[in-house]
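Numbering (our numbering), first residue to last: 138 to 283.
Quick reminder that beta carbons are idealized off the backbone N, C-alpha and C, glycines included.
Here the structure is a predicted model, which is why all the values come from computation and not from measurement.
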């Protein structure tokens, strides 16, 4: 038996409103928000008293989703440095294909995004970069040029 699809990637954030604004500026659409609490999330996460707000963001093609989660209780904890370097073990980043990398960077800078390095060209195929966004999230952008 095979999996059906990858449903979403969940990211815990400290400022849900800022994260939603950031990913909306990137071009994602807010699919919905919900308050999550009770026995089911407690059992699923192995925590007691879970109360969180989840914002589900959808890519324009409808195939990709990010679940942005703000924990009200228990309070979210940092796993390591607030802004871990890109070679930290674990989930590294989320990559998005964009039409215009320079325009996207400029728009996201208005929401606090910072380039980790610089825009680099891979052969005659792509322009690529890594950015740090809200809550230290690293995302990559790829613009196909060839």
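Proximity of residue i and residue j at Cβ, strictly below 9 angstroms
| i | j | result |
| --- | --- | --- |
| residue 172 | residue 190 | yes |
| residue 272 | residue 157 | no |
| residue 231 | residue 208 | no |
| residue 203 | residue 250 | no |
Nearest-angstrom Cβ-Cβ length linking residue i and residue j, presumed shorter than 8 angstroms
| i | j | result |
| --- | --- | --- |
| residue 265 | residue 252 | That belief does not hold up - the Cβ atoms of residue 265 and residue 252 are roughly 11 angstroms apart, past 8 angstroms. |
| residue 247 | residue 261 | Actually they are not in contact, since the Cβ atoms of residue 247 and residue 261 sit about 31 angstroms apart, beyond 8 angstroms. |
Residue i, DSSP secondary structure in three states
| i | result |
| --- | --- |
| residue 196 | coil |
| residue 225 | coil |
| residue 257 | strand |
| residue 154 | helix |
| residue 267 | strand |
| residue 215 | coil |
| residue 167 | strand |
| residue 202 | strand |
Distance between residue j and residue i (C-alpha atoms, nearest Å)
| i | j | result |
| --- | --- | --- |
| residue 162 | residue 244 | 7 angstroms |
| residue 269 | residue 169 | 24 angstroms |
| residue 220 | residue 257 | 22 angstroms |
| residue 140 | residue 200 | 15 angstroms |
| residue 142 | residue 179 | 25 angstroms |
From the options, residue whose alpha carbon lies closest to that of residue i
| i | options | result |
| --- | --- | --- |
| residue 206 | 154, 196, 242 and 255 | 154 |
| residue 183 | 195, 211 and 249 | 211 |
| residue 234 | 175, 179, 197 and 227 | 197 |
| residue 267 | 259, 215 and 223 | 223 |
| residue 215 | 180, 274 and 176 | 274 |
| residue 195 | 185, 180, 164 and 176 | 164 |
| residue 99 | 152, 255 and 204 | Since the displayed the chain opens at 138 and closes at 283, residue 99 lies outside it and no answer follows. |
| residue 193 | 239, 263, 254 and 160 | 160 |
| residue 239 | 281, 217 and 144 | 281 |
| residue 229 | 175, 276 and 177 | 276 |
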